[in-house]
Structures are given as structure tokens and as C-alpha cells.
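Okay, structure first, notes after.
Protein chains: 2
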Amino acid sequence: MPTPYSTPMELLARKLDSCARLSDADRAAILGLAHTVRVLPARHDIVRFGERSNQSCLVLQGWVSRYAALSEGERQILSFYIAGDMPDLQSLHLDRMDHHLATLTTCTIAFVTHDELHRVFRQHPNLIGILWRDTLIDAAHYRERITSLGRRQALGRVAHLFCELYLRQRAMGLTSGLSCPLPPKQSELADALGLTSVHLNRVLRTLRTRRLVTLNGGLLTIEDWDELAAVAEFDPTFLHQTVEGVPASEPAETV
Amino acid sequence: MPTPYSTPMELLARKLDSCARLSDADRAAILGLAHTVRVLPARHDIVRFGERSNQSCLVLQGWVSRYAALSEGERQILSFYIAGDMPDLQSLHLDRMDHHLATLTTCTIAFVTHDELHRVFRQHPNLIGILWRDTLIDAAHYRERITSLGRRQALGRVAHLFCELYLRQRAMGLTSGLSCPLPPKQSELADALGLTSVHLNRVLRTLRTRRLVTLNGGLLTIEDWDELAAVAEFDPTFLHQTVEGVPASEPAETV
DNA sequence: CGGTGCTTTGACATCGCTCAACGACGGTGG
DNA sequence: CCACCGTCGTTGAGCGATGTCAAAGCACCG
């Protein structure tokens with residue numbers, strides 16, 4: 093399932109279109125953004141805690157994670173990012189990183205300097221709101237994660253994350269039926285969900301046994317969306333996607 | 093400890109000054125924001141899940157909470173807001189609320205319409221970045237909460253929240269020595285921390301016994317900042333305050 | 001064919017939850 | 001003024017969900 097994009101900024105335009113409404117002028121401005129592209133190996137820090145950044149990154153291919161490092165080598169993964177996401181927009185207005193940003197898989201990443209972003213903002217003030225909105229949606233994801241960690245048990249937490257990651261990939265055309273890539277290892281999923289990898293493994297077995305979901309070789313397959321969403325108490329409102337499509341019991345194949 | 097402000101927008105200016113740098117022109121623009129003021133009773137919803145809003149609110153006095161409601165009457169408090177905070181800025185760019193906003197105590201709240209904000213943004217584009225930054229700091233608070241819920245045990249979680257709430261109030265001049273208001277009831281703190289009120293109560297006893305913190309009648313008193321911060325593994329970076337002041341062992345009295 | 005890293009499983013420990021009761025306190029009405 | 005009541009805080013006993021530790025299985029790869 094390769095990322096189906098022609099140019100980096102077309103990918104960004106597609107992404108922004110899935111959470112906002114992009115006018116033709118805005119779209120053109122996006123497509124004109126100067127950028128550089130780099131391929132980074134898996135498990136490689138992009139920006140580190142404490143650093144100042146003068147550019148923001150756009151994921152073109154692969155998965156990126158945002159994480160906080162605690163003492164004793166413990167780690168909390170704060171969020172996952174996929175093709176089309178700009179995980180580093182906050183550096184536009186916050187001077188120091190308060191966490192790390194790292195690749196999870198081999199990644200293709202585009203970098204846009206803050207100067208370039210400010211230039212486009214000056215010429216197309218509309219875009220400010222659209223990218224601001226993007227960071228607000230990021231915050232909405234955080235809120236949902238807080239709710240999960242605070243009030244759901246392990247099973248619901250895992251189910252909820254799977255629903256979220258499936259729908260986000262679906263909006264970017266990265267799913268195939270009820271399957272989608274899920275490259276993080278179990279220990280990484282555990283670090284995101286506030287669980288140990290041992291317990292996560294047992295939860296995965298439960299999900300498999302109950303015929304809700306299977307996870308194998310980096311491929312997630314949802315066998316029963318309705319039941320999975322019920323276990324997760326999943327409500328897609330927080331995703332703020334323009335296309336509200338929750339998979340029907342018999343979901344449409346994505347184009 | 094009454095909120096020491098003369099006018100609503102002076103309070104906002106003071107707040108923004110504590111996390112950014114406000115030029116004189118920006119400051120004047122803030123002071124000129126048209127608004128209305130209302131007093132709301134405690135435990136009163138300001139905006140509800142699913143609603144659309146055409147205004148944003150500014151807390152002038154009292155405490156506000158953002159919360160998600162789950163089935164079975166369960167609730168996760170996502171964050172607390174105090175005088176100077178604008179908890180509702182996201183409604184500028186997100187059409188539907190994905191959670192609730194409610195008063196915790198009796199509150200004085202100022203409301204500014206989105207139209208008015210957009211007007212000021214047009215005349216003072218600087219302010220866009222400053223308010224955007226404010227929402228990004230909100231997100232930084234979420235991240236820290238995720239880390240707490242995911243990777244800290246109850247004791248550290250509680251200690252961390254107390255450190256955060258103390259420093260945020262300190263930046264607004266709402267503390268007195270190492271004491272500050274903490275109006276939420278134990279059940280509300282528990283709902284914010286992913287604990288039951290019973291267990292939170294035991295944790296508070298531990299904190300009291302270990303002479304770190306006492307909480308009594310809505311007043312939080314920190315007895316040993318260094319030790320409390322150590323238990324919490326507290327690092328104030330995520331607050332993104334311009335004045336970095338962490339209380340010394342013998343903290344300066346706030347003016 | 002022997003690493004190396006990830007997943008899976010078992011046995012046991014522990015943190016935090018549940019249920020239940022009681023105490024402290026303030027408001028209200030007689 | 002006092003009895004009553006509701007709310008909040010406090011405590012105990014037992015239980016359940018999740019963590020810890022340790023080992024084995026398994027796939028990939030040199």
C-alpha cells in the first residue's frame with residue numbers, strides 16, 4: 093500500500109482538504125511551498141526535546157511518533173503521524189521543543205522553513221486558519237487520548253486507538269477494505285497506550301479471540317467494526333474530518 | 093485572594109504577556125476588544141458537546157473545566173482553566189465542540205465574538221500568532237497530562253498536577269507564598285487524574301503524611317517544593333512560561 | 001546454523017478499584 | 001435552638017486489572 097501521491101505538496105493539499113475546505117487559491121499556494129525532502133531511517137529522532145527549530149516537517153511516507161522520555165528509559169508515545177501530517181507545526185510559535193519527534197519506520201519527510209510558511213501566510217492569510225485548525229485537531233486527538241488513558245480499560249483503549257488510526261488512514265486513502273498498515277511494534281503501541289507490552293499482547297489476543305481485530309506483520313484487519321467501536325465507545329467527532337464516513341458494517345472499498 | 097485585575101482585557105493582556113511578548117500596539121489592540129461579561133453559577137455548562145459557537149470566552153474569575161462525558165455518567169476532566177485563560181479559542185476554527193466546557197466554581201466570564209477576534213486579527217496580524225501560541229500551550233498541557241496518565245503512578249500524577257496548577261496560578265499572581273487556591277473537590281481532581289475519589293483521598297493522605305503538600309478547604313499548601321517536584325518528575329518546560337521561575341526551596345513571596 | 005529481536009505465555013505481585021460504612025459539616029425547616 | 005438531611009471527605013476489607021519477572025517460541029538474517 094504505497095502512499096499514492098505525486099508531489100509532496102499535493103499530498104499536503106489532499107490532507108488539508110480532508111479536514112478543512114481548501115479554495116483553489118489556497119491550494120495553489122500550498123503547491124507552491126518551497127521545501128526539501130529527506131529520507132530518514134527508522135527509529136531516528138527528527139527533533140529532540142529542548143531544541144529550537146526553524147522549520148516544520150511534513151510526513152510523506154512512513155510513520156512518525158511524538159514521545160516524551162521519562163527517567164529510567166521509560167517513554168510515553170504521545171501520538172502517531174502518517175502521510176500528510178505536519179507534526180511539527182507548533183514550532184512556529186513555541187520556541188523550545190517539550191518532547192521528541194522521531195521516525196517509527198523508514199520515512200520520507202519534507203521540510204518547510206518557518207520563513208517560507210510566514211511568506212505564504214502573508215500572501216494567503218486564509219492558510220493561517222487552515223494550519224491553525226490542523227494544530228487544533230492535533231489537540232483534539234490529545235484530548236481523546238487523555239480520555240482513553242483516564243477512563244477506559246486496556247481493551248477499550250486499544251480498540252479506540254485502532255479505530256482512530258484506521259479512520260485517519262482511510263481519510264488519506266491508505267486503507268484497503270477494513271485493513272490498514274500498523275507498523276508500530278507491540279512495545280511501541282504499549283508505550284502509546286500506557287500499558288506494558290506484555291499486557292498489550294494479552295489484549296491483542298482477546299481482540300483476536302473475540303473476532304474483532306487481528307494484527308499481524310504490521311497489518312491491522314478489522315473484522316467487526318461495529319463491535320470494535322462499541323468496545324471502544326468510539327465517537328468519530330473528535331477527528332473533525334470533513335467526510336464523516338464511519339465504515340458501515342459492510343464498508344465501501346476505498347478508491 | 094481575589095483576582096487582581098482592573099478590566100477584563102487587562103487581565104487577558106497580563107496573561108498573554110506571561111507566555112509571550114506583547115508589544116505596546118498588540119496590548120492596545122487587546123485592550124480594545126469588545127466583549128460582554130457574565131457571572132455564571134458553579135457547575136454550569138458554558139458550551140456543550142456538539143454545539144457550534146460564534147464566540148470565545150475568557151475566564152475572569154473562578155475555575156473552569158473542560159471535560160468529556162462517557163457512558164454511565166463517567167467523566168474525564170481534560171483540563172482546568174483559571175483567570176486569564178481562554179479555553180474556547182479552538183471554536184474559532186473547529187465547527188463543533190467535541191467536549192464540554194463548564195464552570196467549577198462561581199465564575200465571571202467575558203465573551204468575545206469570533207467576528208470581533210477576526211476584526212482585530214485583520215488589524216493586528218501579530219495577535220494571530222499570540223493566540224495561536226496560546227492554543228499550542230494548551231496542547232502542551234495535554235501532552236503532559238497524557239504522559240502523567242500513561243506512565244506515572246497515582247502519587248506522581250497528583251504531585252505533577254499540583255506543581256502545574258501552582259505555577260500557572262503563580263504566573264498570574266494568584267499564589268501567596270507556597271499556597272494557592274485549589275477549588276476542585278476530590279471527586280473532580282480524581283476525574284482529572286484518572287483515579288477514583290477514594291484512591292485520590294488516600295494519595296492526599298500520603299502527601300500529607302510525607303509533608304509534601306496539604307489540601308484543605310480549597311487551599312493547596314506546598315510544604316516541600318523540591319521533594320514534590322521530584323516525586324512528580326516535574327519539568328516546567330511544557331508550561332512555556334516566559335518567566336522560568338521555579339520556586340526555590342525558600343520561595344520568594346509573590347508581589 | 002546460530003544469533004538477535006520481537007512475540008507469546010505462565011506465575012506471581014501490586015496498585016488502584018469496588019463496595020460499604022461512618023464522620024464532619026453546613027443548610028434548612030420546624 | 002435543634003433535628004434532619006445531603007454532600008463531601010475518610011477509612012477498611014476484599015477483589016480485579018495490570019505490572020513484573022522469567023522463559024520459551026519464532027522469524028529473520030548473516
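In the order they appear, the protein sequences are chains W and E. Residue numbers for the first sequence follow this note's numbering, beginning at 93 and rising by one. Residue numbers for the second sequence follow this note's numbering, beginning at 93 and rising by one. For each residue, glycine too, the CB sits at the ideal point set by N, CA and C.
So what's residue i in DSSP terms, helix, strand or just coil?
i                 : result
Asp318 of chain W : helix
Gln245 of chain E : coil
Pro94 of chain E  : Per-residue confidence for Pro94 of chain E stands at a pLDDT of 47, beneath the threshold of 50, marking its modelled position as unreliable; no derived number is given.
Arg167 of chain E : strand
Asp190 of chain W : coil
Thr267 of chain E : coil
Thr288 of chain E : coil
Arg211 of chain E : helix
Ser115 of chain E : coil
Pro273 of chain W : strand
Thr334 of chain E : coil
Phe326 of chain E : coil
Leu296 of chain E : helix
Leu123 of chain E : helix
Residue i to residue j, Cα distance in whole Å?
i                 : j                 : result
Glu236 of chain W : Asp230 of chain E : 14 Å
Thr346 of chain E : Ser268 of chain E : Because Thr346 of chain E carries a pLDDT of 45, less than 50, the predicted location of this residue cannot be relied on, and the following value inherits that uncertainty. When rounded, the distance between both Cα atoms is 6 Å.
Thr334 of chain W : Asp187 of chain E : 10 Å
His216 of chain E : Ile222 of chain E : 11 Å
Glu102 of chain E : Asp118 of chain E : 12 Å
Glu208 of chain E : Ile174 of chain E : 23 Å
Phe141 of chain E : Met189 of chain E : 5 Å
Ser145 of chain W : His233 of chain W : 23 Å
Thr99 of chain E  : Ser279 of chain E : 33 Å
Ser115 of chain W : Asn293 of chain W : 45 Å
Thr329 of chain W : Arg244 of chain E : 29 Å
Phe203 of chain E : Thr200 of chain W : 44 Å
Glu319 of chain E : Leu311 of chain E : 19 Å
Glu143 of chain E : Ser271 of chain E : 37 Å
Arg303 of chain W : Glu315 of chain W : 6 Å
Leu125 of chain W : Val212 of chain W : 8 Å
Val295 of chain E : Asp327 of chain E : 21 Å
Thr205 of chain E : Asn218 of chain W : 19 Å
Leu307 of chain W : Val290 of chain W : 15 Å
Gly309 of chain W : His191 of chain E : 36 Å
His136 of chain W : His127 of chain E : 48 Å
Ile138 of chain W : Cys111 of chain E : 26 Å
Cys255 of chain W : Thr239 of chain W : 15 Å
Leu331 of chain E : Gln147 of chain W : 22 Å
Pro275 of chain W : Gly242 of chain E : 21 Å
Lys277 of chain E : Arg167 of chain E : 14 Å
His210 of chain E : Gly176 of chain E : 20 Å
Would you mind reading off the limits of the alpha helix (DSSP H) that contains residue i?
i                 : result
Ala105 of chain E : 100-111
Thr197 of chain E : First-last for Thr197 of chain E: undefined, no H or E at that position.
Please report the residue range of the beta strand (DSSP E) in which residue i lies.
i                 : result
Arg130 of chain E : 128-132
Asp137 of chain E : 137-139
Arg158 of chain W : 156-161
Gln153 of chain W : 147-153
Leu307 of chain W : 305-308
*asked:* Taking 8 Å as the cut-off, does the region 178-195 of chain E touch the region 220-230 of chain E (at least 3 CB pairs, one atom from each stretch)?
replied: yes
*Is there contact between the region 185-199 of chain W and the region 145-157 of chain W, where contact requires at least three CB pairs shorter than 8 Å?*
yes
*How about the region 102-111 of chain E and the region 282-294 of chain W: do they share at least three Cβ pairs that are nearer than 8 Å?*
no
*Does the region 295-304 of chain W come close enough to the region 256-265 of chain W to have 3 or more Cβ pairs within less than 8 Å?*
no
*Near-chain E residues of the region 319-336 of chain W - C-beta to any C-beta below 7 Å*: Glu325, Thr329, Phe330, His332
*According to a CB-to-CB cut-off of less than 7 Å, which residues of the region 168-180 of chain W neighbour chain E?*
Gln168, Leu170
_So if I threshold CB-CB distances at 7 Å, which residues from the region 242-272 of chain W count as touching chain E?_
Gly242, Arg243
*Is it a yes or a no for the region 237-250 of chain E touching the region 318-328 of chain E, going by three-plus beta-carbon pairs under 8 Å?*
yes
*Please name the residues in the region 148-167 of chain W whose beta-carbon is closer than 7 Å to at least one beta-carbon of chain E, in chain order.*
Ala160, Leu162, Ser163, Glu166
*Check distances from the C-beta atoms of the region 181-214 of chain E to those of chain W and list, in chain order, the residues that come in under 7 Å.*
Listed by position, the residues of the region 181-214 of chain E near chain W (Cβ gap below 7 Å) are Gln182, His185, Leu186, Arg188, Asp190, His191.
*Give the residues from the region 216-241 of chain W that approach chain E closer than 7 Å (Cβ to any Cβ), ordered along the chain.*
Ile220, Gly221, Trp224, Arg225, Thr227, Leu228, Asp230, Ala231, Ala232, Tyr234, Arg235, Arg237, Ile238, Thr239, Leu241
*asked:* For the region 274-308 of chain W, list every residue whose C-beta sits within 9 Å of some C-beta in chain E, in sequence order.
replied: Asp283, Ala284, Leu285, Gly286, Leu287
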